[in-house]
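Asker:
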Amino acid sequence: MMACTAAAARPVVARRMVTRASAASAGTEQRTLKALNITRSTLIDSNGGRAVRNVDGEIYEVVFVPESDSVKVLCKSQQLEYTTEVGKDNRISIVLESATPITGGAPSFAQLQALLKFQGPGPEAINGRLAMVSFLGIAGVELATGQPILAQVASPAGAAAAVGLAVAVSAASLAPLLLGKVKPQAAFPSPNDSYPNTQLPYFWTALAETINGRVAMVALAALLVQELVRGVPAL
């Protein structure tokens, strides 16, 4: 009879939602834990301290905070922040009762530095956006006037346009973050985000923007190399 009872209890332990009751001096405090299918060691060692998980249709951003040696979780769809608990198996769970609204505010210098460093998400996103806009402009001018890339950039008007475009794209990319409209972790989209309603998202997603940006950067480089080798406009 005891063996049957133990076997029946195993599926309950494996469920994502676990409710625990802890005795307190003023009564009983109930906490509901929701597992995020990631361990603390995997988050720090393999994911660089940041990961995104889709659990029950909700997207959670899991972030390791080295200053406090803790893990926090942000729910992107509901704009909520949760405290976490690490179980004996090193798996991270959120405490649903700890949900607090995400507050705004300008980021600190350290947060900006982490976003804009070479390995951070900022440079590739900004360069990709700049490359997409630049390729359209350069190709359009070359088709209309026959001017190659170097001739366009070497002219005073072309150089000013290039600098102005770079400043405008950078400012537009950073404006939501600097105005406190988004948290630093959500300032630039992550291509690792999960999408519950489609297997391969094509439009208006971080993955699509990342792929298009990379293609535009490679296309610009190929266009420049071809014109340098041949000595004539490529288009």
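First residue of the sequence shown: 60, per the numbering used here; consecutive thereafter. Don't be surprised by glycine CBs; every beta carbon is placed ideally from N, CA and C. Please read all numbers here as calculations on a predicted model, not as lab measurements.
Between the region 221 to 233 and the region 176 to 192, are three or more C-beta pairs nearer than 8 Å?
Answerer: Yes: the two stretches touch, three or more of their Cβ pairs being nearer than 8 Å.
Asker: CA-CA distance, G199 and P248?
Answerer: Each residue's Cα considered, the two are about 29 Å apart.
Asker: Secondary structure at V111, three-state DSSP: helix, strand or coil?
Answerer: Here V111 sits in strand by DSSP.
Asker: Rounded to whole angstroms, what is the Cα-Cα separation between V274 and V284?
Answerer: Going from the Cα of V274 to the Cα of V284 covers about 15 Å.
Asker: Would you mind sorting G116 into buried or exposed? The rule is 16 or more other CB atoms within 10 Å of its CB.
Answerer: Exposed, by the Cβ-count rule.
Asker: Answer with buried or exposed for Q89, where buried requires no fewer than 16 other C-beta atoms within 10 angstroms of its C-beta.
Answerer: Per the 10 Å Cβ criterion, exposed.
Asker: Looking only at its chain, what residues have a beta carbon closer than 6 Å to the beta carbon of T142, apart from the 5 residues adjacent to it on each side?
Answerer: The answer, listed in chain order, is V154 and S157.
Asker: Give the straight-line distance between the Cα atoms of A83 and K93, rounded to the nearest whole angstrom.
Answerer: Below a pLDDT of 50, predicted positions are generally treated as unreliable, and A83, at 41, falls in that range; the measurement from the model is reported next regardless. Their Cα atoms are separated by approximately 22 Å.
Asker: Tell me E144's beta-bridge partners as DSSP assigns them.
Answerer: According to DSSP, which records beta bridges pairwise, E144 is partnered with S152.
Asker: Just the Cα atoms here: how many angstroms apart are K240 and L175?
Answerer: K240 and L175: Cα-Cα distance of roughly 18 Å.
Asker: Pull up the distance between the alpha-carbon of V277 and that of E144, whole angstroms please.
Answerer: Those two C-alpha atoms are separated by around 44 Å.
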